[in-house]
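Protein chains: 2
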Amino acid sequence: MGDLAIRPATAADLPAIVAMLADDPLGARRESPDDLAPYERALARLVDDPNQHVVVALREERVVGTLQLTVIPGLSRRGATRSIIEGVRIHADERGSGLGTQLIEWAVDESRRQDCQLVQLTSDATRVDAHRFYERLGFEASHVGFKLSLG
Amino acid sequence: MGDLAIRPATAADLPAIVAMLADDPLGARRESPDDLAPYERALARLVDDPNQHVVVALREERVVGTLQLTVIPGLSRRGATRSIIEGVRIHADERGSGLGTQLIEWAVDESRRQDCQLVQLTSDATRVDAHRFYERLGFEASHVGFKLSLG
């Protein structure tokens, strides 16, 4: 496969990003690839925030992956800064290619550059393959992730 | 007990906040109540960020609780904004008083005011009492929380 590039997402990437968000057992019910307006509003808010890093991975100029990295300063652990990875998606054509590893490694490297002491993420309890993937990358499944929907 | 007030944390609250962070089975190893400088630097960064809400709970003008609420815009779930609760601590004198419930309810209400569709938090797998507490408040333990230390 050709070389991989990782760069900040722009509005022009949204059709490809939203297609990946929707091409997922959990995402299929939650996304609206035919209506990009809510995604455009969200991206405009994200690009203005220096603690937000929404990136795309490109192979031969085609968007094949995405994730969101959020840098969160905090008081606990002697004022430690942590980062949170959300919205990791890999194009179906790229699964097994090592792209997921490269994207997470980018996020970990960027977290170090931002002086984070901890990288966190949560994964739905049903995504067993994803859990093995994160453990192989050195993440520890030390926490229970709770969600409350306000919908 | 007297009335409860919840307001943004200031530098003057740091000795009381850090004492609570350190008075905890996990926090005791991680905090430095005798050296507030790293906490002062972190708080200065937090108060400048409109997506960060570090609050203290006061009973008769004494700091008895704290939490950090972070508002995180995102692309997934049709551009949903979520919030993350971190650093929840209740003074030992107040445990069982309902203060934890009031603090989390404040965070949920503030998340609604900020148009969040989802409130998230992770809790160390060993904090079994905390898990029951969050489930009673309507949170669902649907995710596995992964952490990677960069220390």
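Chains S and L, in that order, give the protein sequences. Residues 3 to 153 (this note's numbering) are what the first sequence spells out, left to right. Residues 3 to 153 (this note's numbering) are what the second sequence spells out, left to right. C-beta: ideal position from N, C-alpha, C; glycine also. Source: prediction; values computed, not measured.
Thinking residue i and residue j are a contact (beta carbons under 8 Å), I'd like their distance in whole angstroms, please.
{"i": "alanine 11 (chain S)", "j": "valine 57 (chain S)", "result": "6 Å"}
{"i": "glutamine 54 (chain L)", "j": "alanine 82 (chain L)", "result": "Not quite, the Cβ-Cβ distance comes to about 19 Å (not below 8 Å), so this is no contact."}
{"i": "valine 130 (chain S)", "j": "histidine 93 (chain S)", "result": "Not quite, the Cβ-Cβ distance comes to about 21 Å (not below 8 Å), so this is no contact."}
For residue i, report the span of its alpha helix (DSSP H) as first-last.
{"i": "arginine 80 (chain L)", "result": "78–81"}
{"i": "glutamine 70 (chain L)", "result": "Note, glutamine 70 (chain L): premise wrong, no alpha helix (DSSP H); beta strand (DSSP E) at 64–74."}
{"i": "arginine 32 (chain L)", "result": "Taken as a continuous stretch (DSSP letters only), arginine 32 (chain L) belongs to no alpha helix (DSSP H), as it is neither H nor E."}
{"i": "glutamate 42 (chain S)", "result": "39–49"}
{"i": "serine 113 (chain S)", "result": "101–115"}
{"i": "leucine 23 (chain L)", "result": "16–24"}
Which stretch, first to last residue, makes up the beta strand (DSSP E) that contains residue i?
{"i": "proline 10 (chain L)", "result": "6–10"}
{"i": "glutamine 122 (chain S)", "result": "120–126"}
{"i": "glutamine 54 (chain S)", "result": "54–61"}
{"i": "glycine 147 (chain S)", "result": "142–151"}
{"i": "arginine 138 (chain L)", "result": "Premise fails: arginine 138 (chain L) lies in the alpha helix (DSSP H), 130–138, not in any beta strand (DSSP E)."}
{"i": "glutamate 88 (chain L)", "result": "84–92"}
Just checking residue i against the ligand SAM - is the residue's beta carbon closer than 8 Å to any of the ligand's heavy atoms?
{"i": "alanine 94 (chain S)", "result": "Ligands displayed in this structure: none; no statement on the ligand SAM is therefore possible."}
Could you give the distance in angstroms between the alpha-carbon of residue i and the alpha-carbon of residue j?
{"i": "arginine 91 (chain S)", "j": "isoleucine 74 (chain S)", "result": "22 Å"}
{"i": "arginine 115 (chain S)", "j": "serine 99 (chain L)", "result": "42 Å"}
{"i": "aspartate 50 (chain S)", "j": "arginine 80 (chain L)", "result": "19 Å"}
{"i": "aspartate 15 (chain S)", "j": "tryptophan 108 (chain L)", "result": "37 Å"}
{"i": "alanine 13 (chain S)", "j": "alanine 7 (chain L)", "result": "43 Å"}
{"i": "aspartate 36 (chain S)", "j": "leucine 105 (chain L)", "result": "39 Å"}
{"i": "isoleucine 86 (chain S)", "j": "alanine 59 (chain L)", "result": "26 Å"}
{"i": "tyrosine 136 (chain L)", "j": "glutamate 42 (chain S)", "result": "33 Å"}
{"i": "arginine 64 (chain L)", "j": "aspartate 26 (chain L)", "result": "19 Å"}
{"i": "proline 52 (chain S)", "j": "alanine 39 (chain S)", "result": "23 Å"}
{"i": "arginine 84 (chain S)", "j": "alanine 44 (chain L)", "result": "12 Å"}
{"i": "alanine 21 (chain S)", "j": "alanine 30 (chain S)", "result": "10 Å"}
{"i": "aspartate 117 (chain L)", "j": "arginine 9 (chain L)", "result": "20 Å"}
{"i": "arginine 134 (chain L)", "j": "aspartate 126 (chain L)", "result": "13 Å"}
{"i": "glutamate 112 (chain L)", "j": "alanine 132 (chain L)", "result": "21 Å"}
{"i": "aspartate 95 (chain S)", "j": "aspartate 95 (chain L)", "result": "57 Å"}
For a quick check, are the C-beta atoms of residue i and residue j less than 9 Å apart?
{"i": "glycine 89 (chain S)", "j": "threonine 68 (chain S)", "result": "yes"}
{"i": "glutamine 122 (chain L)", "j": "leucine 77 (chain S)", "result": "no"}
{"i": "glutamate 33 (chain S)", "j": "alanine 46 (chain S)", "result": "no"}
{"i": "arginine 61 (chain S)", "j": "aspartate 5 (chain S)", "result": "yes"}
{"i": "leucine 48 (chain S)", "j": "threonine 128 (chain S)", "result": "no"}
{"i": "valine 110 (chain L)", "j": "leucine 139 (chain L)", "result": "yes"}
{"i": "threonine 72 (chain S)", "j": "threonine 124 (chain L)", "result": "no"}
Open item on the list: With three or more beta-carbon pairs closer than 8 Å as the criterion, would you say the segment 127–147 of chain S touches the segment 140–153 of chain L?
Closed with: yes
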